[in-house]
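>
Numbering (the numbering used here), first residue to last: 108 to 256.
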C-alpha cells in the first residue's frame, strides 16, 4: 500500500491524453464525477493520511501576470495561488509540457468534501525561486474521487 509512496515529478510532455499522463501506481485519471469538469483523479488503493501524493508542476506567474490573464478571460483554471514570506505568486499547470497529473484534481464544493490538501514545502525552491506545492492525502480509499478545497 501507499505508506512509502514516492510521488512522480514526471511531466506529460508528449501526450495530451489525460489517461496517458504518468501517474503513481495508486492513482487513476478518469472522467470527473463533476458535470462538465473534464477529468478527475481517483485513488486505486488506500492512501494513508499524510502521505504526500505529489508535487504540483507548472509555470510560475507573478500576481500581476495572473490578474492580466483573469481580466482578459484567459485564466486556465489550472493555477494555484501561493503565499510566502516573499509575497504572492501563482503556479499555472495549464501547459501539458510543464504540468503533471495533479492538474486533474478537481475542486470540492466545500471543506466537507476535501480529501487532499495543498501545502507549500518550506525550505526548498523550484526554478525561479518558487517553493514546491505538495499534496498530502487526508483520506484515500480505493475508488475515492480526490478533491481539494
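In this text, a Cβ means the ideal position worked out from N, Cα and C, and glycines have one as well.
(1) Measuring only the C-alpha atoms, how far is residue 234 from residue 192?
(2) Measure the alpha-carbon distance for residue 152 versus residue 250 and round it to whole angstroms.
(3) If we call anything under 9 Å between Cβ atoms a contact, is residue 140 one with residue 211?
(4) Below 8 Å, how does it come out for the segment 142 to 159 and the segment 189 to 207: are there three or more Cβ pairs, yes or no?
(5) According to the Cβ coordinates, are residue 159 and residue 255 closer than 9 Å?
(6) Using a Cβ-based criterion (distance less than 8 Å to any ligand heavy atom), does residue 159 qualify as near the ligand ADP?
(7) Compare the C-alpha of residue 205 against each of 162, 133, 137 and name the closest.
(8) Rounded to the nearest angstrom, what separates residue 127 and residue 170 at their Cα positions?
Straight from the coordinates:
(1) As a first step, residue 234 is located in the chain shown; it is residue number 127 there, counting from the start. As a first step, residue 192 is located in the chain shown; it is residue number 85 there, counting from the start. Because the pLDDT of residue 234 is 49, which lies under 50, any placement of that residue in the model is unreliable, and the number read from its coordinates should be weighed accordingly. For residue 234 and residue 192, the distance between alpha carbons rounds to 17 Å.
(2) Start at 1 with the first residue of the chain shown, and residue 152 comes out as number 45. Start at 1 with the first residue of the chain shown, and residue 250 comes out as number 143. Approximately 7 Å between the Cα atoms of the pair.
(3) Here residue 140 corresponds to residue number 33 of the chain shown, with the count starting at 1. Here residue 211 corresponds to residue number 104 of the chain shown, with the count starting at 1. Not closer than 9 Å, so no.
(4) no
(5) Taking the chain shown and counting its residues from 1, one reaches residue 159 at position 52. Taking the chain shown and counting its residues from 1, one reaches residue 255 at position 148. No; because the gap between Cβ atoms is not below 9 Å, this pair is not in contact.
(6) Absence of the ligand ADP is noted for the structure shown, with no ligands found whatsoever.
(7) Residue numbering aside, residue 205 sits at position 98 when the chain shown is read from its first letter. Taking only the C-alpha atoms, the option nearest residue 205 is 162.
(8) As a position in the chain shown, residue 127 is number 20, starting the count at 1. As a position in the chain shown, residue 170 is number 63, starting the count at 1. Computed Cα separation, rounded: 32 Å.
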